[in-house]
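Residue numbers (my numbering), protein chains in the order written: chain G, 1 to 384; chain W, 1 to 344. Here the structure comes first, spelled out in structure tokens, and everything after it is commentary.
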Ligand SMILES: Cc1cc2nc3c(=O)[nH]c(=O)nc-3n(C[C@H](O)[C@H](O)[C@H](O)COP(=O)(O)OP(=O)(O)OC[C@H]3O[C@@H](n4cnc5c(N)ncnc54)[C@H](O)[C@@H]3O)c2cc1C
Ligand code: SF4
Ligand code: SF4
Ligand code: SF4
């Protein structure tokens with residue numbers, strides 16, 4: 001049972017679900033059968049641009065979280081590592097979430113046995129404010145009128161309150177500087193195979209979620225949900241499996257092309273980079289949100305590395321050190337770049353180093369089993 | 001139970017959003033509020049330092065107000081109204097500010113605030129944050145990079161659109177390192193001479209967060225009017241804009257004078273020891289309302305109440321109690337003043 005097409009048996013979940021509602025139905029099964037203390041997933045807060053991580057402990061709350069939010073580039077790995085470490089929880093994981101969790105586990109920050117990873121395939125996320133601007137400009141629609149959005153067949157599609165749909169090709173949007181976040185354009189992991197199951201729409205029949213089962217626990221979860229009547233399943237045809245594989249490969253090829261463009265051709269010169277890094281206010285937000293940066297005592301805040309507010313920032317004292325400590329494990333989730341108040345293109349800088357390291361060592365963070373060759377046991381101490 | 005809710009940072013007057021993570025009714029961390037129109041999920045060091053301070057501070061959710069209110073009422077009754085001065089700040093939100101002003105008027109008390117030498121500015125001189133991105137010449141005064149990083153971000157966007165940038169400051173600073181020109185001056189008393197020498201364009205914007213006297217700030221205001229340009233002031237408190245528009249804002253010397261002329265001070269949301277020598281408070285009776293001083297009468301903290309404030313661009317922003325701790329019995333300023341007012 002490597003691949004299955006899954007749909008929820010609950011009409012309410014089917015109605016709200018992105019595809020077959022499999023994810024919600026499986027989460028409901030885990031919650032109602034008390035396999036988990038709670039669920040961490042993403043909920044539409046004010047509107048479709050306002051995805052909020054939400055920790056859920058009741059079925060009623062869970063039913064409010066169906067559907068995919070493509071304008072919610074929020075990571076949940078650090079939330080469980082920091083605040084839910086001792087709970088048994090299920091969480092939805094995009095590939096970057098899954099890679100992050102894998103790297104946190106390697107640093108002893110989480111216990112894999114405590115987490116059920118319900119993976120979501122991912123073609124990319126859009127920054128919410130950029131999405132609103134893009135909808136105004138290229139769809140000629142008031143962003144507030146959008147009730148749902150999806151990414152399908154290379155298009156970003158919006159649905160309006162009156163049921164009307166409008167779409168624009170993602171390639172065209174990206175040519176104009178809109179579309180997916182830049183790190184997502186460069187992201188090569190489209191199916192989270194470290195998650196217990198990986199769910200998506202690629203290759204699926206209408207009304208079903210295509211599920212790839214990755215672990216024994218994933219198999220148990222699916223079997224339990226079938227046995228207890230939460231889901232119905234059918235096997236995909238060989239053709240469907242092949243279509244899914246083909247789309248995945250095309251996406252990976254596109255990501256590699258974007259890496260070449262953004263990390264080589266368009267990459268800032270050393271002088272430009274020096275100027276850009278002079279903006280750093282040392283707020284440490286990049287470190288705080290980075291799922292790889294989890295040390296109990298961070299070297300960056302050591303007294304002898306501090307400069308006075310009057311001195312010109314020395315990039316070596318911040319990014320030089322941080323790079324040596326973690327760039328080999330950078331998963332290109334883009335969280336650092338998203339939160340940097342002074343627009344330093346951090347994910348580009350760190351991913352570029354990781355890819356060079358990968359060339360030398362073959363280490364793919366969040367994917368390769370075992371610790372990276374440069375891993376230091378000093379870094380094993382994870383923040384409380 | 002873990003909850004995540006929207007809030008607004010109270011560390012300056014920019015109005016940046018942040019998502020607060022609370023566990024069992026206590027703030028434990030932040031998560032980026034990526035669709036907040038002002039900061040897109042980005043926060044500066046001051047904002048995060050503030051959350052870290054809150055995280056490590058002792059928590060109270062219950063307090064017996066009866067005795068403190070009785071004592072306060074007795075003190076207030078003891079003095080003539082003109083011996084009583086209320087001192088507040090832009091840390092107070094709009095509803096509480098209105099309540100404080102009403103309370104002062106009703107009881108005929110003096111009321112003052114010290115807002116780092118800034119005074120009210122004509123609204124037509126104030127640009128929006130988006131205008132900053134569209135400006136072709138930005139003159140920053142003070143270290144707006146380090147202290148108001150989210151306006152620095154708008155300046156960076158303007159630079160990416162080929163705007164020219166000049167920083168004026170009395171010390172070397174991050175804004176200076178990141179501007180096309182840095183003009184270091186001995187004292188802000190020279191500011192107007194330096195400004196006079198700059199050739200402005202019609203879209204020039206001055207972005208300021210530091211000045212040594214009201215007089216110099218007002219001179220800059222005149223200069224802005226004369227040149228037909230705009231000025232954006234980043235204040236140290238979220239609601240300074242409203243404070244400047246509602247109560248008399250004084251300089252340090254005048255504040256000291258007000259204190260000297262009073263016998264009882266009602267200090268609300270202000271830390272006088274950060275502004276003045278403690279000596280000038282000797283022999284004064286003080287009633288203090290604060291969410292951070294353990295010796296004061298406790299009030300609801302910013303993140304734990306609903307409210308609104310007016311940011312640097314003059315936009316009124318609303319925020320909600322982001323912690324939603326039902327067991328929190330701590331009262332708001334308005335609630336406390338109502339109780340006190342009823343007793344006098
Ligand atoms: C950003 C994004 C991009 C995607 N891109 C692709 C793709 O290119 N190809 C593909 O095959 N599938 C993709 N998917 C997966 C697909 O959209 C469905 O989520 C999946 O098929 C499951 O459908 P369902 O009906 O079973 O889920 P539902 O039952 O509707 O449940 C969806 C679950 O996802 C959670 N969720 C929603 N948004 C997010 C988010 N941003 N981050 C984390 N969790 C979230 C919800 O809280 C909910 O628990 C993407 C999903 C997301 C979130
Ligand atoms: S980094 Fe990859 S997995 Fe994460 S949101 Fe972007 S495309 Fe999806
Ligand atoms: S460095 Fe940035 S992109 Fe890389 S893992 Fe950390 S947060 Fe993600
Ligand atoms: S988030 Fe940006 S400004 Fe803050 S420490 Fe990191 S690089 Fe520097």
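Glycine residues also receive a C-beta, built at the ideal position from the N, C-alpha and C atoms.
Measuring straight from C-alpha to C-alpha, what distance separates residue 168 of chain G and residue 124 of chain G? Reading the first chain from its first residue, position 168 is the one you call residue 168 of chain G. Reading the first chain from its first residue, position 124 is the one you call residue 124 of chain G. The alpha-carbon of residue 168 of chain G is positioned some 15 Å away from that of residue 124 of chain G.
Closer than 5 Å between the C-beta and any heavy atom of ligand 1: which residues qualify, listed along the chain? Look at which beta carbons fall closer than 5 Å to any heavy atom of ligand 1; those residues are G:17, G:18, G:19, G:21, G:22, G:23, G:24, G:41, G:42, G:65, G:66, G:67, G:68, G:69, G:70, G:72, G:92, G:120, G:121, G:122, G:123, G:125, G:199, G:200, G:201, G:202, G:209.
Assigned exposure category for residue 207 of chain G - 16 Cβ within 10 Å defines buried: Position 207 of the first chain, counted from the start, is the residue given in the question as residue 207 of chain G. By the neighbour-count rule (16 or more Cβ atoms within 10 Å), residue 207 of chain G is not buried but exposed.
Taking the alpha carbon of residue 105 of chain W as the reference point, which residue from W:82, W:218, W:282 has its own alpha carbon closest? Within the second chain, residue 105 of chain W is the residue found at index 105, counting from 1. Shortest Cα-Cα distance from residue 105 of chain W to any of W:82, W:218, W:282 involves W:82.
Quick one: which residues of the segment 156-178 of chain W get their C-beta closer than 7 Å to a C-beta of chain G? List them in chain order. Listed in sequence order: 156, 171, 172, 173, 174, 177, 178.
Excluding five sequence neighbours on each side, which residues of the same chain lie with their C-beta closer than 6 Å to the C-beta of residue 151 of chain G? Counted from its first residue, the first chain places residue 151 of chain G at position 151. Within the same chain, residue 151 of chain G has close Cβ partners 70, 123.
With a threshold of 8 Å between beta-carbons, can residue 282 of chain G be considered close to chain W, or not? Your numbering for residue 282 of chain G matches position 282 in the first chain. With a threshold of 8 Å between beta carbons, residue 282 of chain G makes contact with chain W.
Hey, is residue 83 of chain G's beta-carbon within less than 8 Å of any beta-carbon in chain W? Here residue 83 of chain G corresponds to residue number 83 of the first chain, with the count starting at 1. Yes, residue 83 of chain G counts as interfacial toward chain W.
Neighbouring residues, chain W, relative to residue 181 of chain G (Cβ below 8 Å): Residue numbering aside, residue 181 of chain G sits at position 181 when the first chain is read from its first letter. The contacting residues do not exist; residue 181 of chain G stays about 10 Å from chain W at best.
Quick check: what's the CA-CA separation for residue 68 of chain W versus residue 243 of chain W? Your numbering for residue 68 of chain W matches position 68 in the second chain. Your numbering for residue 243 of chain W matches position 243 in the second chain. Distance between the alpha carbons of residue 68 of chain W and residue 243 of chain W is about 27 Å.
Which listed residue (G:7, G:280, G:287) has its alpha carbon closest to that of residue 146 of chain W: Mapped onto the second chain, residue 146 of chain W falls at position 146. If we check each option's Cα against that of residue 146 of chain W, G:280 comes out closest.
Span of the beta strand (DSSP E) around residue 156 of chain G: The count along the first chain starts at 1 and reaches residue 156 of chain G at position 156. Note, residue 156 of chain G: beta strand (DSSP E), 155-160.
Once the 5 residues before and after residue 31 of chain G are set aside, which same chain residues still bring their CB inside 7 Å of it? In the first chain, counting from the first residue as 1, residue 31 of chain G sits at position 31. Counting only Cβ-Cβ distances below 7 Å, and skipping sequence neighbours, we find 39, 59, 62.
Between which two residues does the alpha helix (DSSP H) carrying residue 431 of chain G extend? What is shown of chain G runs 1 to 384, which leaves residue 431 of chain G out entirely.
For the candidate residues G:84, G:8, G:49, whose alpha-carbon lies nearest to that of residue 21 of chain W? In the second chain, counting from the first residue as 1, residue 21 of chain W sits at position 21. The residue with the shortest Cα to Cα distance from residue 21 of chain W is G:84.
Between residue 219 of chain W and the rest of its own chain, which residues show a CB-CB distance below 6 Å, the 5 nearest in sequence each way excluded? Position 219 of the second chain, counted from the start, is the residue given in the question as residue 219 of chain W. Non-local beta-carbon contacts of residue 219 of chain W in its own chain, meaning distances under 6 Å to residues more than five positions away in sequence, involve 192 in chain order.
Beta-carbon gap between residue 267 of chain G and residue 348 of chain G smaller than 8 Å: If you number the first chain from 1, residue 267 of chain G lands on position 267. If you number the first chain from 1, residue 348 of chain G lands on position 348. Taking 8 Å as the cut-off, the Cβ atoms of residue 267 of chain G and residue 348 of chain G count as close.
Let me know if residue 384 of chain G comes out buried or exposed under the rule of 16 or more other beta-carbons within 10 Å of its beta-carbon. Translated into positions along the first chain, residue 384 of chain G becomes position 384. Low per-residue confidence applies at residue 384 of chain G: pLDDT is 41, beneath 50, and the placement is therefore not dependable, though the value from the model is reported in the following sentence. The residue is exposed, with fewer than 16 neighbouring Cβ atoms inside 10 Å.
Going by DSSP, which residues form a beta bridge with residue 6 of chain W? Taking the first residue of the second chain as 1, we reach residue 6 of chain W at position 6. According to DSSP, residue 6 of chain W bridges with W:19.
Contact between the segment 216-231 of chain W and the segment 265-275 of chain W (3+ Cβ pairs under 8 Å): No, the segment 216-231 of chain W is not in contact with the segment 265-275 of chain W.
I'd like to confirm the pairing. Which residues does DSSP put opposite residue 52 of chain G in its beta bridges? Taking the first residue of the first chain as 1, we reach residue 52 of chain G at position 52. Residue 52 of chain G pairs with G:43.
Look at residue 191 of chain G and residue 176 of chain G and say whether their C-beta atoms are less than 8 Å apart. Taking the first chain and counting its residues from 1, the one referred to as residue 191 of chain G is at position 191. Taking the first chain and counting its residues from 1, the one referred to as residue 176 of chain G is at position 176. Going by C-beta atoms, residue 191 of chain G is not nearer than 8 Å to residue 176 of chain G.
Pick from W:37, W:73, W:305: whose alpha carbon is nearest that of residue 315 of chain W? Looking up residue 315 of chain W in the second chain gives position 315. When each option's Cα is compared against that of residue 315 of chain W, the closest is W:37.
Unbroken alpha helix (DSSP H) run spanning residue 173 of chain G, endpoints: In the first chain, residue 173 of chain G corresponds to position 173, counting from 1. Residues 170-175.
I'd like to confirm something about residue 286 of chain G: is its beta-carbon nearer than 7 Å to some heavy atom of ligand 4, or not? Taking the first chain and counting its residues from 1, the one referred to as residue 286 of chain G is at position 286. Residue 286 of chain G: yes, Cβ under 7 Å from ligand 4.
Cα-Cα, which of G:277, G:204, G:119, G:196 is closest to residue 153 of chain G? The count along the first chain starts at 1 and reaches residue 153 of chain G at position 153. Checked all of G:277, G:204, G:119, G:196; the closest Cα to residue 153 of chain G is G:204.
Closer than 7 Å: is that where the CB of residue 323 of chain G sits relative to any heavy atom of ligand 4? Taking the first residue of the first chain as position 1, residue 323 of chain G is located at position 323. No; taking the cut-off as 7 Å, the Cβ of residue 323 of chain G has no heavy atom of ligand 4 nearer than that.
Which residues, in order along the segment 45-72 of chain G, keep a beta-carbon less than 9 Å from a beta-carbon of chain W? Listed by position, the residues of the segment 45-72 of chain G near chain W (Cβ gap below 9 Å) are 45, 46, 47, 49, 50, 51, 52, 53, 54, 55, 57, 71, 72.
Using beta carbons (cut-off 8 Å, strictly below), is residue 212 of chain G in contact with chain W? Looking up residue 212 of chain G in the first chain gives position 212. At least 8 Å separates the CB of residue 212 of chain G from every CB of chain W.
So residue 38 of chain W contacts chain G; which residues on that side make the cut at Cβ distance below 8 Å? Mapped onto the second chain, residue 38 of chain W falls at position 38. Within 8 Å Cβ-Cβ: nothing; residue 38 of chain W doesn't reach chain G, min ~10 Å.
Helix, strand or coil, according to DSSP, for residue 266 of chain W in the structure here? Stepping through the second chain from its first residue, residue 266 of chain W is reached at position 266. In the structure shown, the three-state DSSP call for residue 266 of chain W is strand.
Would you say residue 129 of chain G reaches chain W, if we count a Cβ-Cβ gap shorter than 8 Å as a contact? Taking the first chain and counting its residues from 1, one reaches residue 129 of chain G at position 129. Chain W contact via Cβ: present.
CB contact check: residue 373 of chain G to chain W, cutoff 8 Å: If you number the first chain from 1, residue 373 of chain G lands on position 373. Residue contact with chain W for residue 373 of chain G: absent (no Cβ-Cβ distance below 8 Å to any residue of chain W).
Positions along the segment 287-320 of chain G whose CB lies within less than 8 Å of some CB in chain W: For the segment 287-320 of chain G, the set of positions with a beta-carbon nearer than 8 Å to some beta-carbon of chain W reads 288, 289, 309, 310, 311, 312, 313 in chain order.
Check distances from the C-beta atoms of the segment 326-340 of chain G to those of chain W and list, in chain order, the residues that come in under 9 Å. Residues passing the 9 Å Cβ filter: 335, 338, 339, 340.
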